[in-house]
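Worksheet: the structure to be examined is printed underneath.
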Amino acid sequence: MTTPTSTITVPATVAEARDGFRAWLAANRADLEQFRESGGDVTEIFDRLGLLQRMLYDAGWIRLGWPEAIGGLGGRPILRSVVSEELARAGYPPPFSFATQEVLGPAVAEFARPELAAEVLPRLLRGEETWCQGFSEPGAGSDLAALRLKAVAAEGGWRISGEKIWTSWAQFADRCVLLARTGAAGSAHRGISAFLLDMDTAGIEVSPLRSMNGDDEFCSLYFDDVFVPEDRLLGVVDGGWAVAMHVLAGERGAAAWQRQIWLRSRLTDLATAPEQVAGDAVVGEAFELLMALRLLSRRTVHALSDGEPVGSTTSLDKLAMSTAEKFLFDVALTGLGSDIVLGGGEAAESWRNDYLYSRASSIYGGAAEIQRNIIAERLLGLPR
Ligand SMILES: Cc1cc2nc3c(=O)[nH]c(=O)nc-3n(C[C@H](O)[C@H](O)[C@H](O)COP(=O)(O)OP(=O)(O)OC[C@H]3O[C@@H](n4cnc5c(N)ncnc54)[C@H](O)[C@@H]3O)c2cc1C
């Protein structure tokens with residue numbers, strides 16, 4: 026793939042990035058107008074947001090903070106944190122795979138062979154391919170270190186057999202960041218390796234699962250003697266736990282930054298709804314929760330950008346995120362009442378969908394109870 030000549034130079038500060046991006050949004054308003062549209066089925070939405078992503082890539086904005094060797098423009102990763110925020114402010118959605126990029130992208134950049142990272146990351150950033158996260162299994166969700174999907178060493182690589190579950194959007198994914206057991210059955214987190222697997226490899230069956238909002242978001246994945254070449258290992262053999270923790274820091278930290286931007290726009294929708302559905306006090310409380318999330322998350326994205334360890338503090342972000350998200354949509358449910366439950370039309374459907382999805386916020390990326398355990402034991406030093 027050829028890397029396009031960028032139309033921007035790397036801004037020196039976040040404020041400069043913000044000003045520059047706002048000016049670019051204004052200059053490209055006519056071309057961007059198509060992205061205000063929010064309807065359509067999943068494939069249409071993916072295609073539309075893929076076009077937006079390509080525009081942002083070609084202009085350079087989402088290449089900020091990624092090393093030049095993998096298609097980036099260099100500079101600090103924090104520079105691109107303004108992109109989703111300014112898109113939301115101007116009334117556009119974030120490209121669909123932003124969260125994947127911020128969760129899986131940095132781990133692949135860190136742990137893949139340099140040649141592999143240089144091959145796949147530009148394609149991810151440009152929206153030419155999507156990736157999924159193959160961590161959870163039946164019986165290994167909260168207790169991830171209990172995973173059983175087996176990778177057995179073979180000539181030139183590994184052969185993989187077993188099952189994954191709850192893999193989001195795997196039916197559209199070109200690659201999977203997969204955790205597999207390479208150690209003995211009882212080796213827990215010490216016997217896990219991570220791979221970047223091509224989803225069109227023979228022996229993978231993808232079976233979508235319908236969630237309660239009606240989307241086929243999740244999938245079960247079945248692996249029957251699937252070959253993965255040795256150069257697809259991320260990190261070292263039996264060192265997959267470090268990759269998993271890197272991914273989870275992104276999922277609990279950087280993804281929360283993206284989420285709070287969208288939640289803020291939904292709070293504005295609620296507060297300005299013509300029906301006056303929510304009183305000032307509850308809107309104020311939702312705002313407080315979102316501000317707390319924003320401040321925690323801001324600290325995390327700065328730390329991640331500067332390469333500082335974030336440790337267990339991302340559990341605070343994840344817990345603050347699910348608390349704020351559930352509170353906001355509980356307020357919406359109370360205010361909109363039967364409309365949110367039974368109403369037709371785009372607005373009612375989107376509130377209903379968002380309410381139902383908000384229930385998942387205290388499960389994915391590590392359930393709220395698990396985050397509370399981590400905060401209690403590792404941050405507060407309470408006994409197990
Ligand atoms: C929307 C969504 C998207 C997801 N996407 C992906 C994905 O792309 N890839 C992927 O790999 N996974 C994904 N998951 C799966 C997710 O990571 C798991 O659901 C989560 O880790 C919880 O695991 P579990 O479902 O097995 O529940 P369990 O671990 O069985 O937990 C059930 C309940 O028991 C509680 N519990 C468990 N252990 C303890 C404990 N020690 N102390 C106190 N309470 C405990 C939990 O908090 C939870 O309430 C997704 C989940 C959702 C909801």
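Mind the numbering: the sequence shown is residues 26 to 409 in this note's numbering, read in order.
Yeah, the Cβ is synthetic: ideal placement off N, Cα and C, and Gly gets one too.
If you're wondering where the values come from, they're calculated on a predicted model, not measured in any experiment.
Between the CA atoms of residue j and residue i - distance to the nearest angstrom
i: A209; j: T338; result: 31 Å
i: V133; j: W282; result: 20 Å
i: I217; j: H271; result: 14 Å
i: F352; j: L141; result: 42 Å
i: D250; j: A179; result: 11 Å
i: L405; j: M80; result: 45 Å
i: R88; j: G45; result: 14 Å
i: A99; j: P299; result: What sits at residue 99 in the sequence shown is Gly, not Ala. Each residue's alpha carbon lies about 45 Å from the other.
i: G97; j: E144; result: 12 Å
i: E127; j: S236; result: 24 Å
i: G391; j: A385; result: 10 Å
i: V39; j: L74; result: 24 Å
i: L258; j: I70; result: 32 Å
i: A52; j: R61; result: 16 Å
i: F197; j: L203; result: 16 Å
i: F354; j: M224; result: 35 Å
i: S290; j: G336; result: 29 Å
i: R409; j: E402; result: 6 Å
i: D379; j: I365; result: 10 Å
i: R323; j: Q158; result: 24 Å
i: A115; j: A393; result: 32 Å
i: T125; j: W156; result: 7 Å
i: S383; j: V67; result: 19 Å
i: Y389; j: A219; result: 20 Å
i: G264; j: L174; result: 15 Å
i: Q396; j: R54; result: 41 Å
i: E310; j: G182; result: 53 Å
i: R43; j: V107; result: 6 Å
i: I24; j: E276; result: Residue 24 lies beyond the range of the chain shown here (26 to 409); nothing can be said about it.
i: H214; j: S363; result: 47 Å
i: C244; j: L292; result: 31 Å
i: S387; j: A165; result: 17 Å
i: R377; j: R284; result: 18 Å
i: G369; j: A328; result: 44 Å
i: L367; j: D241; result: 21 Å
i: T90; j: T34; result: Just to set this straight, residue 90 is Gly in the shown sequence, not Thr. Looking at the two C-alpha atoms, the distance is approximately 12 Å.
Proximity winner among the options, relative to residue i (alpha-carbon distances)
i: A279; options: T325, V107, G64; result: T325
i: G64; options: A372, L204, E111; result: A372
i: T297; options: Y82, L361, A165, A328; result: L361
i: L234; options: R397, D331, T192; result: T192
i: G228; options: L246, A219, D240; result: L246
i: S340; options: G164, I365, N398; result: N398
i: S36; options: W86, E93, F252, E310; result: The sequence given here has Pro at residue 36, not Ser. For P36, the nearest C-alpha among the options comes from W86.
i: S122; options: E41, G265, L149; result: L149
i: E333; options: A274, S387, T359, R403; result: A274
i: L50; options: T68, E110, W91; result: E110
i: T226; options: Q78, R184, G368, S290; result: R184
i: L77; options: A42, I395, A219, Q59; result: Q59
i: V261; options: A328, I286, E135; result: E135
i: Y117; options: E242, D56, G164, G370; result: D56
i: L104; options: R284, E41, P163; result: E41
i: E255; options: A137, E276, L381; result: A137
Sub-8 Å separation of residue i and residue j beta-carbons
i: Y82; j: G130; result: no
i: K425; j: S161; result: Since the displayed the chain opens at 26 and closes at 409, residue 425 lies outside it and no answer follows.
i: A269; j: L169; result: yes
i: L295; j: V356; result: yes
i: L221; j: R200; result: yes
i: A349; j: L318; result: yes
i: V231; j: A195; result: yes
i: S186; j: F248; result: yes
i: A94; j: P147; result: no
i: S330; j: P119; result: no
i: A113; j: I286; result: yes
i: N238; j: L381; result: yes
Original post:
Near ligand 2, which residues have their beta-carbon less than 5 Å from any of its heavy atoms, given in chain order?
Top reply: Because ligand 2 does not appear in the structure shown, any question about it cannot be addressed here, the ligands present being ligand 1.
Original post:
Does the segment 313-322 touch the segment 340-356, meaning 3 or more C-beta pairs lie closer than 8 Å?
Top reply: Judged by Cβ distances under 8 Å, the segment 340-356 makes contact with the segment 313-322, as three or more pairs qualify.
**OP:** Specify whether the segment 195-208 and the segment 168-186 touch according to this definition: at least 3 beta carbon pairs, one from each stretch, less than 8 Å apart.
**Re:** The segment 195-208 makes contact with the segment 168-186; the number of CB pairs closer than 8 Å reaches 3 or more.
Subject >> Sequence ranges, alpha helix (DSSP H) only - wholly within the segment 101-161, length at least 4 >> reply: Correct list: 106-114, 123-128, 130-136, 139-150.
Original post:
Which ranges does the alpha helix (DSSP H) cover as unbroken runs of at least 4 residues, wholly within the segment 294-335, from first to last along the chain?
Top reply: At a cut-off of 4 residues, the continuous stretches assigned as alpha helix (DSSP H) that sit fully inside the segment 294-335 are 305-330.
Subject >> Whole beta strand (DSSP E) elements within the segment 192-222, 3-residue minimum >> reply: Here the runs fully enclosed are 200-206.
Original post:
Whole alpha helix (DSSP H) runs in the segment 234-286 with 4 or more residues, listed along the chain?
Top reply: Runs found: 265-274.
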